[in-house]
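Residue numbers (full-length UniProt numbering): 1 to 369.
Every residue gets a Cβ at the ideal spot worked out from N, C-alpha and C, and that includes glycine.
Only a predicted model underlies this, so the values are computations on that prediction, with no experimental measurement involved.
One structure below.
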């Protein structure tokens with residue numbers, strides 16, 4: 001049985017599921033339905049066994065499908081485990097499916113604590129241990145090692161708050177606490193994140209070098225009589241000077257920000273707020289320096305060809321926008337995700353959202369006169 005990820009628009013599919021599910025509950029016994037949903041299917045023709053439909057839905061983030069099932073068989077399905085001793089919420093944490101994980105906020109405290117306390121069969125890992133392991137799904141969806149590290153910290157922090165205090169420091173079969181496992185699994189992300197910042201610093205250094213050299217190599221040269229630039233009175237020359245100055249200042253700012261990041265000692269927890277804030281400042285100033293450098297480049301041609309062949313600088317200016325647009329298109333998603341992860345984490349984890357037990361709208365009755 002294949003379960004596709006759920007979306008907000010699949011209301012028709014949800015209605016069909018409700019009809020089928022109603023028919024199943026009327027024609028099948030309780031134990032048969034539960035067994036059908038959680039049992040691993042047998043392997044035929046030397047094919048590997050497939051997990052039950054409920055766990056496939058949890059792995060793929062089909063929140064609506066799971067919510068429909070849990071409303072009918074609330075307690076039984078919540079604590080049911082697969083062959084590895086994992087509940088649907090453990091599977092959701094392993095695959096970083098926050099939609100399924102958010103259903104845990106709607107469960108009563110004792111059941112919730114029991115689920116968080118459960119350990120898998122092989123390694124004795126609790127749910128907090130499992131969030132310490134880097135998810136392959138998260139790695140493919142996330143831009144850069146720095147943002148991936150930030151997302152992993154956000155997940156660990158959220159599951160940590162959900163976990164009962166007496167379980168937070170519990171050790172697995174390898175003698176590791178959840179945070180020790182998290183640190184070991186993600187130590188490579190710290191070095192990869194710093195290497196990525198070094199590359200950004202190299203780009204900022206190159207732009208700074210070019211902007212500094214252009215400041216003393218003006219188009220048209222200098223007047224030999226008084227030493228001023230030949231095109232001092234041209235408006236396009238003023239644009240050239242201002243754009244070059246902005247490019248120089250912003251590239252130097254970006255260079256200093258990245259240099260501060262690399263020369264300061266940083267731990268894993270710094271990837272939550274401190275480093276992302278500095279990284280956003282560095283990337284924004286780097287973008288401004290790239291944009292103003294292209295303006296400087298284009299303005300130099302307007303200065304040289306202001307009396308003839310005006311189509312040449314116009315054509316060059318159009319092509320000069322390509323690297324600026326490309327830079328913005330590539331880096332803007334990173335900045336948005338990083339900002340939302342830092343200052344708007346509720347878009348990932350929303351304890352107040354009700355999917356499992358939605359609030360019924362109030363019906364206002366008119367008083368008869």
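1) Does residue 92 come out as helix, strand or coil in the three-state DSSP assignment?
2) For residue 235, count the other beta carbons within 10 Å of its own beta carbon; 16 or more makes it buried, fewer makes it exposed. Which is it?
3) Under the assumption that residue 249 contacts residue 282 (Cβ atoms under 8 Å), give the Cβ distance between them as a whole number of angstroms.
4) For residue 262, which residues of its own chain have a beta-carbon under 8 Å away from its beta-carbon, when the five flanking residues on both sides are left out?
5) Tell me the rounded alpha-carbon separation between residue 98 and residue 246.
6) Contact check, residue 164 vs residue 117 under 8 Å by CB: the rounded distance?
7) Grab me the residues of residue 299's own chain with a C-beta within less than 7 Å of its C-beta, minus the 5 sequence neighbours each way, in chain order.
8) If you compare alpha carbons, which of 255, 172, 184 and 212 is closest to residue 203?
9) Let me make sure I understand the geometry here. Which of 189, 131 and 188 has the alpha-carbon closest to that of residue 168?
10) I believe residue 276 touches residue 119 by the beta-carbon criterion, under 8 Å. Please report the beta-carbon distance rounded to the nearest angstrom.
11) For residue 43, count the other beta carbons within 10 Å of its own beta carbon; 16 or more makes it buried, fewer makes it exposed. Which is it?
12) Closer than 6 Å by C-beta to residue 313: which residues in its own chain qualify, once you throw out the five before and the five after it? Chain order, please.
13) Please state whether DSSP places residue 298 in a helix, a strand or coil.
14) Kindly list the residues whose CB is nearer than 7 Å to the CB of residue 252, restricted to its own chain and excluding five residues on each side of it in sequence; keep chain order.
15) Straight-line CA distance for residue 83 to residue 52?
16) Measuring straight from C-alpha to C-alpha, what distance separates residue 49 and residue 190?
17) Roughly how many angstroms lie between the CA atoms of residue 107 and residue 327, to the nearest whole one?
18) Measuring CA to CA, which of 286, 127, 315 and 88 is closest to residue 161?
19) For the candidate residues 57, 111 and 332, whose alpha-carbon lies nearest to that of residue 78?
20) Run through DSSP, which three-state label would residue 108 get?
21) Between the beta-carbon of residue 297 and the beta-carbon of residue 320, is there less than 8 Å?
22) What residue does the alpha helix (DSSP H) around residue 99 start on, and which one ends it?
23) Could you give the DSSP three-state label for residue 120: helix, strand or coil?
24) For residue 92, I'd like the list of residues in its chain whose CB is within less than 6 Å of its CB, leaving aside the five on either flank, ordered along the chain.
25) Whose C-alpha, out of 69, 133, 174 and 145, is nearest the C-alpha of residue 156?
26) Whole angstroms are fine: how far does the CA of residue 233 sit from the CA of residue 289?
27) If you draw a straight line from the alpha carbon of residue 369 to that of residue 81, how long is it in whole angstroms?
28) Would you mind sorting residue 115 into buried or exposed? The rule is 16 or more other CB atoms within 10 Å of its CB.
29) Check residue 303 in the structure and name its three-state DSSP category.
30) Here's the rule I'm using: 16 or more other beta-carbon atoms within 10 Å means buried, otherwise exposed. How should residue 333 be labelled?
31) From this set, 280, 307, 322 and 285, which residue's C-alpha is nearest residue 337's C-alpha?
32) To the nearest angstrom, report how far apart residue 284 and residue 174 are at their CA atoms.
33) Give the range of the alpha helix (DSSP H) segment to which residue 129 is assigned.
Answer, in terms of the structure:
1) Locating residue 92 in the chain shown gives position 92, counting from the first residue. Residue state, collapsed to three classes: helix.
2) Reading the chain shown from its first residue, position 235 is the one you call residue 235. Residue environment: residue 235 is assigned as exposed (fewer than 16 neighbouring CB atoms within 10 Å of its CB, all protein chains considered).
3) As a working note, residue 249 is residue 249 in the chain shown. As a working note, residue 282 is residue 282 in the chain shown. Their Cβ separation, rounded to whole angstroms, is 14 Å, which puts residue 249 and residue 282 out of contact at 8 Å.
4) Locating residue 262 in the chain shown gives position 262, where the first residue counts as 1. Result list for residue 262: 194, 197, 198 and 201, in chain order.
5) What you label residue 98 is simply residue 98 of the chain shown in a count that begins at 1. What you label residue 246 is simply residue 246 of the chain shown in a count that begins at 1. Their backbone Cα atoms lie some 42 Å apart in a straight line.
6) Walking along the chain shown from the start, residue 164 turns up at place 164. Walking along the chain shown from the start, residue 117 turns up at place 117. Contact flag correct, Cβ pair sits at about 7 Å.
7) Along the chain shown, read from residue 1 onward, the residue named residue 299 stands at position 299. Taking C-beta separations shorter than 7 Å and ignoring five residues to either side along the sequence, the partners of residue 299 in its chain run 236, 239, 240 and 243, following chain order.
8) In the chain shown, the residue the question calls residue 203 occupies position 203. Of the listed residues, the one whose Cα sits closest to residue 203 is 255.
9) To locate residue 168, count along the chain shown from 1; it is residue 168. Out of 189, 131 and 188, 131 has the C-alpha closest to the C-alpha of residue 168.
10) Residue mapping note: residue 276 aligns to position 276 of the chain shown, counting from 1. Residue mapping note: residue 119 aligns to position 119 of the chain shown, counting from 1. So it is not a contact: roughly 33 Å between Cβ atoms.
11) Position 43 of the chain shown, counted from the start, is the residue given in the question as residue 43. Only weak support exists for where residue 43 lies, its pLDDT of 42 falling under 50; the value from the coordinates is given anyway. Classification for residue 43: exposed.
12) If you number the chain shown from 1, residue 313 lands on position 313. Hits under 6 Å: 301, 302 and 305.
13) Locating residue 298 in the chain shown gives position 298, where the first residue counts as 1. DSSP places residue 298 in helix when its eight states are reduced to three.
14) Position 252 of the chain shown, counting from 1, holds the residue named residue 252. If the five residues before and after residue 252 are omitted, its C-beta is found closer than 7 Å to the C-beta atoms of 208, all from its own chain and listed in chain order.
15) Along the chain shown, one-based indexing puts residue 83 at 83. Along the chain shown, one-based indexing puts residue 52 at 52. Residue 83 and residue 52: Cα-Cα distance of roughly 10 Å.
16) For the purposes of this step, residue 49 is identified with residue 49 of the chain shown, where counting begins at 1. For the purposes of this step, residue 190 is identified with residue 190 of the chain shown, where counting begins at 1. With a pLDDT of only 38 at residue 49, under the threshold of 50, the placement of this residue in the model should not be trusted; the figure read from the coordinates follows. Spanning the two alpha carbons is a distance of roughly 37 Å.
17) For this step, residue 107 is matched to residue 107 along the chain shown. For this step, residue 327 is matched to residue 327 along the chain shown. Approximately 45 Å between the Cα atoms of the pair.
18) Here residue 161 corresponds to residue number 161 of the chain shown, with the count starting at 1. Closest by alpha carbon: 127.
19) As a position in the chain shown, residue 78 is number 78, starting the count at 1. Residue 111 holds the alpha-carbon nearest to the alpha-carbon of residue 78 among 57, 111 and 332.
20) Mapped onto the chain shown, residue 108 falls at position 108. Residue 108 carries a coil assignment under DSSP once its states are collapsed to helix, strand and coil.
21) On the chain shown, position 297 is the one that residue 297 refers to. On the chain shown, position 320 is the one that residue 320 refers to. At the C-beta level, residue 297 and residue 320 come within 8 Å of one another.
22) Indexing the chain shown from 1 puts residue 99 at position 99. Counting along the chain, the alpha helix (DSSP H) containing residue 99 begins and ends at 98-101.
23) As a first step, residue 120 must be located in the chain shown, where it is residue number 120. Residue state, collapsed to three classes: coil.
24) Position 92 of the chain shown holds residue 92. Excluding residues within five positions, the ones whose Cβ falls inside 6 Å are 58, 100 and 101.
25) In the chain shown, the residue the question calls residue 156 occupies position 156. If we check each option's Cα against that of residue 156, 133 comes out closest.
26) Locating residue 289 in the chain shown gives position 289, where the first residue counts as 1. Locating residue 233 in the chain shown gives position 233, where the first residue counts as 1. Distance between the alpha carbons of residue 289 and residue 233 is about 25 Å.
27) On the chain shown, residue 369 is found 369 positions in, with the first residue counted as 1. On the chain shown, residue 81 is found 81 positions in, with the first residue counted as 1. Only weak support exists for where residue 369 lies, its pLDDT of 46 falling under 50; the coordinates are left without a value.
28) In the chain shown, counting from the first residue as 1, residue 115 sits at position 115. Burial state of residue 115 is buried, judged by a 10 Å Cβ sphere holding 16 or more other Cβ atoms.
29) Translated into the one-based positions of the chain shown, residue 303 becomes position 303. Of the three classes helix, strand and coil, the one that applies to residue 303 here is helix, per DSSP.
30) Counted from its first residue, the chain shown places residue 333 at position 333. Residue 333 comes out exposed.
31) Position 337 of the chain shown, counting from 1, holds the residue named residue 337. Proximity to residue 337 across 280, 307, 322 and 285 peaks at 280, based on C-alpha coordinates.
32) Indexing the chain shown from 1 puts residue 284 at position 284. Indexing the chain shown from 1 puts residue 174 at position 174. Take the alpha-carbon of residue 284 and the one of residue 174: they are about 44 Å apart.
33) Here residue 129 refers to the residue found at position 129 when the chain shown is read from its first residue. From DSSP, the alpha helix (DSSP H) with residue 129 extends over 127-130.
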